[in-house]
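Numbering-wise (this note's numbering), the sequence shown opens with residue 940 and increments by one. Virtual Cβ for every residue (Gly too), placed ideally from N, Cα, C. What follows is a single structure, written as structure tokens, with notes after it.
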Amino acid sequence: MDEPDRIFIDFHEEKLTMMQVISKVAELQKQYPEYEIFMDGDAYAIVGRRRKE
């Protein structure tokens, strides 16, 4: 069974500038290399999905 996407930043709860979002995404990519980090428009959040081996 696949692991559900992990929400790292919920834009309903956090107000960030575009530069802050880009910076946080870069930090998350370094901190969690096993995850694909992306913006989920439906969830209105930055999420991570575990990479498939």
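Terminal residues of the alpha helix (DSSP H) in which residue i lies
i, result
"alanine 965", "957-970"
Cβ separation of residue i and residue j, assumed to be a contact under 8 Å, to the nearest whole Å
i, j, result
"aspartate 981", "aspartate 944", "That belief does not hold up - the Cβ atoms of aspartate 981 and aspartate 944 are roughly 10 Å apart, past 8 Å."
"arginine 990", "glutamate 973", "6 Å"
"lysine 969", "isoleucine 948", "With a Cβ gap of about 15 Å, lysine 969 and isoleucine 948 do not count as contacting."
As assigned by DSSP and simplified to three states, the class of residue i
i, result
"glutamate 975", "strand"
"phenylalanine 947", "strand"
"lysine 982", "The question names lysine, but residue 982 is alanine in the sequence shown. Coil."
"arginine 989", "strand"
Own chain residues within Cβ distance below 7 Å of residue i, not counting five before or after
i, result
"tyrosine 983", "Phe950, His951"
"tyrosine 971", "Gly987"
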